[in-house]
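527 is the number of the first residue of the sequence shown in the numbering used here; add one for each residue after it. Note that the Cβ used here is the ideal one computed from N, Cα and C, for glycine as well. Data block below; observations after.
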Amino acid sequence: MALRVEQDIFIVRQRGREVAAAVGLEHQDQIRVATALSEVARDLLRIVGGADVAFTVADARGGRSALWVDLAPVRPLPEGRYEPQSGAVARLLDTLGVSSSEGDTVVRMSRRLPANTPPLTAARLAKLRAELGHTAPASALDELATQNEQLIAALDEVRGQRDELARLNAELEETNRGVMALYTQLSEELEATNRGVVALYAELDEKSAQLRAASESKSRFLANVSHELRAPVTAIIGLGRLLTDPASDPLSPAQAEQVELIRSSAADLLSLVNDLLDLAKAESGRIEPEWTQVDLRAVFGQLQGTLRALTTRPAVKLVVEDPPAPAVLRSDEVLLSQVLRNLLHNALKFTERGEVRMRAERDGDRWCLSVTDTGAGIPPELHGRIFEEFYQVPGIDRRGGTGLGLPYARRLVTLLGGTLELASEPGRGSTFTVVLPVGEE
Ligand code: ADP
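Below you can see the structure in the form of structure tokens.
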């Protein structure tokens with residue numbers, strides 16, 4: 527196409543739009559190309575007095591086809607350069623620039639075709655040419671009207687986009703407000719929970735301090751009372767012995783029997799007082815284990831000797847197994863003997879027939895010392911309670927016990943760094959196991 531007079535600008539613009547549509551550019555792109563083309567055409571007409579316009583379809587960078595528009599100026603461009611009057615023109619296109627080949631300088635612009643455009647075959651090209659040849663160029667007025675329409679459409683679209691943007695902004699703001707509200711709510715909840723936890727901890731601390739104080743005063747009370755009781759009770763026993771001494775004035779048989787009763791009651795009382803004192807001492811931490819290398823065989827042998835005398839029932843056999851070598855551990859011999867004696871004592875006390883067996887078993891870095899009997903057994907729900915002070919299983923013969931033996935034994939085992947465990951069922955006997963660390967040699 528030749529661009530020589532003002533009116534040609536309209537025709538070039540119209541043609542540009544038609545070609546853009548024919549090669550498959552979308553509506554928006556058609557207007558972009560047409561607008562850019564008319565701007566550049568106006569510039570060239572003003573600067574060099576005209577140009578020849580040619581449309582080409584060829585590959586652009588990136589492999590996609592593009593519509594190329596070349597405007598060859600009728601006279602050389604000043605300094606071989608071209609800058610569009612309106613800087614915005616370049617933004618309507620993919621490329622816009624001056625290009626020289628074989629001495630000819632052209633202003634060249636391009637816009638890439640959509641990816642799904644069918645390839646421009648020779649047949650299609652011929653058809654396009656024919657179609658474009660048929661359409662007669664419209665008058666400048668017609669093109670102006672079209673241009674107006676396009677302008678209105680473009681304005682509409684801009685307005686639409688602006689509305690959409692406003693809507694999106696509002697939505698975003700709404701979402702933000704929601705997120706902020708949620709965040710505030712969550713942090714308030716967290717704060718409230720934290721406050722609750724802090725309060726609970728404070729209460730817990732207070733309660734455990736109270737508990738400690740109560741336990742300490744109980745131990746102190748027990749220690750004081752038992753200490754104060756020991757002297758008069760010992761005096762009663764001594765006086766009783768004095769009364770029944772052959773060197774004293776003889777008593778009538780009835781009197782002798784009564785004094786003996788007083789003496790044995792006092793002896794029972796003394797053992798209770800002693801137990802209480804022991805327990806109070808253990809609880810207040812006034813017992814300090816004396817750590818030595820303890821030979822379990824010696825401990826077992828000694829216990830067997832002293833307790834054989836206690837096995838008064840012929841139907842009950844006391845079996846003490848020899849501990850497997852090397853039977854040593856780091857502990858306090860006196861306290862450990864006290865614990866085992868206590869357990870054996872109970873086992874013999876609560877077993878009518880069968881056997882009481884003590885054995886030692888090494889389990890890694892621990893010793894398990896167990897006392898098993900074939901006695902009445904203890905219901906599972908009482909396994910915790912029998913370790914409480916003064917608790918005795920109801921319904922079985924108490925045989926003068928105080929209910930302080932097991933709590934004391936457990937205290938001592940804890941002091942020795944171990945645990946005292948119980949496995950028992952009614953009718954199946956009981957096993958008390960002392961688990962102690964072997965300790966360093
Ligand atoms: P005590 O033997 O002086 O009554 P303990 O604290 O040693 O007190 O034991 C508490 C209670 O646990 C006993 O009264 C008894 O009811 C029960 N008990 C302890 N050892 C055994 C055992 N080997 N078999 C059955 N019951 C037992």
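Limits of the unbroken beta strand (DSSP E) element including Asp585: Your numbering for residue 585 matches position 59 in the sequence shown. Secondary structure note for Asp585: its beta strand (DSSP E) is the uninterrupted segment 577–585.
Quick check on the DSSP output: the alpha helix (DSSP H) that includes Glu783 runs from which residue to which? The sequence position of residue 783 within the sequence shown is 257, counting from 1. Note, Glu783: alpha helix (DSSP H), 779–809.
Can you find a heavy atom of ligand 1 that lies under 7 Å from the Cβ of Gln784? Within the sequence shown, residue 784 is the residue found at index 258, counting from 1. Because no heavy atom of ligand 1 lies under 7 Å away, the Cβ of Gln784 does not count as near it: no.
Taking 8 Å as the cut-off, does the segment 808–819 touch the segment 854–864 (at least 3 CB pairs, one atom from each stretch)? The way I'd put it, the segment 854–864 does touch the segment 808–819; three or more beta-carbon pairs between them come closer than 8 Å.
On a CA-only basis, which of Leu654, Ser564, Asp585, Gly576 is nearest Val615? Give me that one, please. Counting from one through the sequence shown, the residue named residue 615 turns up at place 89. Answer by Cα proximity: Ser564.
Does the distance between the C-beta of Phe876 and the nearest non-hydrogen atom of ligand 1 fall short of 7 Å? Counted from its first residue, the sequence shown places residue 876 at position 350. Answer for Phe876: yes, Cβ within range of ligand 1.
In whole angstroms, give me the CA-to-CA distance for Ser745 and Phe916. Start at 1 with the first residue of the sequence shown, and residue 745 comes out as number 219. Start at 1 with the first residue of the sequence shown, and residue 916 comes out as number 390. For Ser745 and Phe916, the distance between alpha carbons rounds to 14 Å.
With 16 other Cβ atoms within 10 Å as the buried cut-off, status of Gln556: Here residue 556 refers to the residue found at position 30 of the sequence shown. By the neighbour-count rule (16 or more Cβ atoms within 10 Å), Gln556 is buried.
Please tell me whether, using a cut-off of 7 Å, the distance from the CB of Ile904 to the nearest non-hydrogen atom of ligand 1 is below it. For this step, residue 904 is matched to residue 378 along the sequence shown. Ligand 1 approaches Ile904 closely enough that one of its heavy atoms is under 7 Å from the residue's Cβ.
Can you tell me whether DSSP reads Asp899 as helix, strand or coil? Position 373 of the sequence shown, counted from the first residue, corresponds to residue 899. Strand.
Under a three-way DSSP split, which group does Met706 fall into? Looking up residue 706 in the sequence shown gives position 180. Reduced to three states, the DSSP call for Met706 is helix.
Between the CA atoms of Ser627 and Val633 - distance to the nearest angstrom: Translated into positions along the sequence shown, residue 633 becomes position 107. Translated into positions along the sequence shown, residue 627 becomes position 101. For Val633 and Ser627, the distance between alpha carbons rounds to 11 Å.
Among Leu597, Ala546, Glu786, nearest to Val574 - alpha-carbon criterion: The residue given as residue 574 occupies position 48 in the sequence shown. Of the candidates Leu597, Ala546, Glu786, Leu597 places its Cα closest to the Cα of Val574.
With distance defined between alpha-carbon atoms, name the residue in Leu796, Thr621, Glu809, Ser752 nearest to Ala740. Counting from 1 along the sequence shown, the entry for residue 740 is found at position 214. Here the closest residue by C-alpha is Glu809.
For Thr832, which of helix, strand or coil comes out of DSSP? Indexing the sequence shown from 1 puts residue 832 at position 306. It is helical.
Residues of its chain near Ala584, where Cβ-Cβ distance is below 8 Å and the 5 sequence neighbours each way are ignored: Here the question's residue 584 lines up with position 58 in the sequence shown. Result list for Ala584: Ser591, Ala592, Trp594, in chain order.
Return yes when the Cβ of Leu866 is within less than 8 Å of the Cβ of Val842, no when it is not. Mapped onto the sequence shown, residue 842 falls at position 316. Mapped onto the sequence shown, residue 866 falls at position 340. Val842 places its beta carbon 8 Å or farther from that of Leu866.
If Leu622 sits next to Leu570, beta carbons under 8 Å apart, how far is it from one beta carbon to the other, in whole angstroms? For the purposes of this step, residue 622 is taken as residue 96 along the sequence shown, with counting starting at 1. For the purposes of this step, residue 570 is taken as residue 44 along the sequence shown, with counting starting at 1. The pair is not a contact, with the Cβ atoms about 13 Å apart (cut-off 8 Å).
With which residues is Asp596 paired in a DSSP beta bridge? Numbered from 1 along the sequence shown, position 70 holds the residue referred to as residue 596. Per the DSSP secondary-structure output, Asp596 pairs in a beta bridge with Ala580, Arg634.
For Leu691 and Glu700, I'd like the C-alpha separation in whole angstroms. Here the question's residue 691 lines up with position 165 in the sequence shown. Here the question's residue 700 lines up with position 174 in the sequence shown. The alpha-carbon atoms of Leu691 and Glu700 are separated by roughly 14 Å.
If I measure Cβ to Cβ from Arg756 and keep anything under 6 Å in the same chain, skipping five residues before and after, which residues do I get? Taking the first residue of the sequence shown as position 1, residue 756 is located at position 230. Result list for Arg756: Val799, in chain order.
So which of Val845, Asp620, Ser625 has the shortest CA-CA distance to Arg607? One-based indexing of the sequence shown puts residue 607 at position 81. Taking only the C-alpha atoms, the option nearest Arg607 is Ser625.
Asp821 bridges to which residues according to DSSP? Residue numbering aside, residue 821 sits at position 295 when the sequence shown is read from its first letter. Per DSSP, Val854.
How many whole angstroms separate the CB atoms of Leu796 and Ile763, which I take to be in contact at a CB cut-off of 8 Å? Within the sequence shown, residue 796 is the residue found at index 270, counting from 1. Within the sequence shown, residue 763 is the residue found at index 237, counting from 1. Confirmed, Cβ separation roughly 7 Å.
If I measure Cβ to Cβ from Glu966 and keep anything under 8 Å in the same chain, skipping five residues before and after, which residues do I get? For the purposes of this step, residue 966 is taken as residue 440 along the sequence shown, with counting starting at 1. Excluding positions up to five away in sequence, the list reads Arg856.
Identify whether Asp889 lies in helix, strand or coil by the three-state DSSP scheme. Working through the sequence shown from its first residue, we reach residue 889 at position 363. Asp889: strand per DSSP, three-state reduction.
Does ligand 1 have even one heavy atom less than 7 Å from the beta-carbon of Asn872? For the purposes of this step, residue 872 is taken as residue 346 along the sequence shown, with counting starting at 1. True, at least one ligand heavy atom lies under 7 Å from that Cβ.
What residue from Val579, Ala586, Glu683 has the CA that sits closest to Pro599's CA? Counting from 1 along the sequence shown, the entry for residue 599 is found at position 73. Measuring from the Cα of Pro599, the nearest candidate turns out to be Val579.
Are the CB atoms of Gly811 and Ile788 nearer to each other than 8 Å? Within the sequence shown, the letter at position 285 stands for residue 811. Within the sequence shown, the letter at position 262 stands for residue 788. The answer is no: Cβ separation not under 8 Å.
Sequence-distant residues of its chain with Cβ nearer than 6 Å to Arg911 (five each side left out): Taking the sequence shown and counting its residues from 1, one reaches residue 911 at position 385. Tyr917, listed in sequence order.
Between Pro840, Pro963, Leu962, Leu870, which has its C-alpha nearest Leu932's C-alpha? Position 406 of the sequence shown, counted from the start, is the residue given in the question as residue 932. It is Leu870 whose Cα lies nearest to the Cα of Leu932.
CA-CA distance, Val499 and Gln687? Any question about residue 499 goes unanswered here, given that the chain covers just 527 to 967.
Element boundaries [beta strand (DSSP E), containing Val624]: In the sequence shown, residue 624 corresponds to position 98, counting from 1. Where Val624 is concerned, the enclosing beta strand (DSSP E) stretches over 621–627.
Between which two residues does the beta strand (DSSP E) containing Val961 stretch? Mapped onto the sequence shown, residue 961 falls at position 435. Where Val961 is concerned, the enclosing beta strand (DSSP E) stretches over 956–963.
Out of Arg892, Glu697, Arg839, point me to the one whose CA is closest to Gly880's CA. The residue labelled residue 880 in the question sits at position 354 within the sequence shown. For the options Arg892, Glu697, Arg839, the alpha carbon positioned closest to that of Gly880 is the one of Arg839.
Residue nearest to Val882 in terms of C-alpha spacing, selected from Arg834, Ala806, Pro920: Walking along the sequence shown from the start, residue 882 turns up at place 356. It is Arg834 whose Cα lies nearest to the Cα of Val882.
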